[in-house]
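Numbering (this note's numbering), first residue to last: 1441 to 1583.
One structure is given below, encoded as structure tokens.
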Amino acid sequence: MKVCFDTSTLVAALLQQHPHHAIAFPRLKAVKDGLVQGYLTTHCLAELFATLTALPLKPRLLPAEAKRIIGESILGHLVLIPLSADHYHEAMKLTVTGNLSSGAIYDALHLVGALSVGCGALYTLNLRHFRSLAPGDPIIASP
């Protein structure tokens, strides 16, 4: 099965101190163990780097360390979904249909990317946000 990860789930999976690590990590491990095929959008890759380097951790994750973690734990295991102009247009269409604004576009990019490659699940810790974009879509799941 193909599964896609949003940023919230990857951050939780990567950081042991994250409150949702115990539920997110097994999903990432399933990819590493070859039980499922994992995906993330190119937008997610940038968002993951930005989030990891901005978190108020002690000690703080420096950019080089975030890049190393992403390289070792994500890039060698998950397939990148390159987002095109058409993907961005479709994401905007989703937000307009739902009369959503601001950061909803970022969640829409994850969803559009996951759908474009036929993922059976999109793991997120932000169920409410994603369900407002696509009410009833069966791929939206909590890890």
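The beta-carbon is built from N, C-alpha and C at its ideal position, and this holds for glycine as well.
Check                                                                                                           : Outcome
Taking the DSSP output, what are the residues bridged to K1442?                                                 : Q1477
Contact check, A1554 vs L1562 under 8 Å by CB: the rounded distance?                                            : 4 Å
Among H1460, L1523, V1476, which one has its Cα closest to the Cα of C1559?                                     : V1476
For L1502, write down the residues that DSSP places opposite it in a beta bridge.                               : Bridge partners of L1502: none, in fact.
With 16 as the cutoff for other CB atoms within 10 Å, does R1467 come out buried or exposed?                    : buried
Give the straight-line distance between the Cα atoms of G1538 and A1470, rounded to the nearest whole angstrom. : 33 Å
With distances taken Cα to Cα, identify the nearest neighbour of E1505 among A1490, V1519, H1517.               : A1490
Bridge partners for Y1563 per DSSP, in chain order?                                                             : F1445, A1581
Distance, Cα to Cα, S1582 vs Y1546?                                                                             : 17 Å
In the DSSP assignment, find the alpha helix (DSSP H) that holds I1545 and state where it starts and stops.     : 1544 to 1556
Can you tell which of L1567, G1576, S1556 has its C-alpha closest to the C-alpha of L1480?                      : S1556
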